[in-house]
Amino acid sequence: MISFHYYSGKRHLCLFSTPPPNCLFETGDASAGLQRYGRFDVIHARSVLQGIKDYAALCADVAQVLNRRGVFISLEGDAGLYDKNKVKYGPQKEGDPDFSWSHELTMAYIEATSKRNPGFSNLTKVAGILGAAAGDPWGSIEGTTFFLPCGPYESGDEKERVAGRFMHQSVLKVPKTLQVLLLASGLDAEYVNRLSEMALDEIKNCSVINYVKVSSMESRYPRTRGV
6 MISFHYYSGK RHLCLFSTPP PNCLFETGDA SAGLQRYGRF DVIHARSVLQ GIKDYAALCA
66 DVAQVLNRRG VFISLEGDAG LYDKNKVKYG PQKEGDPDFS WSHELTMAYI EATSKRNPGF
126 SNLTKVAGIL GAAAGDPWGS IEGTTFFLPC GPYESGDEKE RVAGRFMHQS VLKVPKTLQV
186 LLLASGLDAE YVNRLSEMAL DEIKNCSVIN YVKVSSMESR YPRTRGV
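Note that the working numbering has the sequence shown beginning at 6, numbered continuously upward.
Here you go:
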């Protein structure tokens with residue numbers, strides 16, 4: 006199995022525990038080709054579209070390194086956040102009853118990322134890209150969507166609260182992480198600092214309930230192909 010996701014930060018990964026001997030972590034460019042890593046039964050890609058300019062080419066490469074009956078699993082979050090009722094936020098301005106700094110930060114991130122990588126607009130087109138893959142390599146393509154809470158909200162059931170606790174740990178790092186990207190996109194430093202501070206305060210205190218909608222696609226390689 007090989008799993009990859011977008012990584013932007015230090016040159017070397019910092020691991021908090023020692024991986025088992027059959028597990029290897031590497032940093033590299035997935036769009037440069039996967040064949041050098043060998044062949045696999047399962048390939049898992051999570052949140053990679055922000056760093057991949059040609060997702061169709063990546064999918065074709067994945068098909069080349071999957072073994073017979075192999076599975077490609079792709080997970081990508083929708084652009085923008087969803088409110089407490091799991092309804093996507095529309096246009097908003099500070100002072101509105103349901104205004105969310107986290108959503109404001111997310112929209113700034115999407116705009117900045119799209120400037121750097123136009124392919125980021127394919128967030129909602131993964132199923133279509135897989136279906137249109139050259140050579141029609143997939144035996145079946147199935148998809149589902151689900152909502153991840155951005156915090157351990159009391160309004161959720163136990164399953165959502167557990168997911169929210171893990172999600173919260175990651176989301177807390179987002180405001181500071183995005184500052185460099187937002188500044189590089191040309192946004193005013195004072196605005197970026199305030200946006201980051203207000204979003205972080207909102208996230209820490211769980212003062213606004215937000216969800217991320219995730220699309221999961223599972224593509225199976227036909228039995229008549231591969232090795």
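All C-beta atoms in this analysis are idealised placements derived from N, C-alpha and C, irrespective of residue type, glycine included.
Under the three-state reduction of DSSP, G133 is assigned to helix.
If you look at K98, you'll find it isn't in any alpha helix (DSSP H); DSSP assigns it neither H nor E. Three or more Cβ pairs closer than 8 Å define a contact, and the region 199-207 meets that threshold against the region 101-116. For A84, the CB contacts under 6 Å within the same chain, skipping 5 residues up- and downstream, are I115, L128 in chain order. Note that the region 21-32 does not touch the region 57-67; fewer than 3 beta-carbon pairs, one per stretch, sit closer than 8 Å. In this chain, the alpha helix (DSSP H) harbouring P180 covers 179-189.
In the DSSP assignment, V197 falls outside any beta strand (DSSP E) and lies within the alpha helix (DSSP H) extending over 194-210. The C-beta separation of L54 from E81 comes to about 6 Å, placing the pair in contact by the 8 Å criterion.
Within the same chain, and ignoring the five residues on either side of W143 in sequence, the residues whose Cβ sits closer than 6 Å to its Cβ are S224. Taking all protein chains shown into account, Y87 has 16 or more neighbouring C-beta atoms within 10 Å of its C-beta and is therefore buried. Beta-bridge annotation (DSSP): T150 is paired with S220. For the pair of segments examined, the region 171-185 was found not to touch the region 129-142: the number of CB pairs separated by less than 8 Å stays below three. A137 sits away from I146, with the two beta carbons spaced by 8 Å or more. With distances taken between CA atoms, N122 lies nearest to L186 out of P25, P24, L186, S221.
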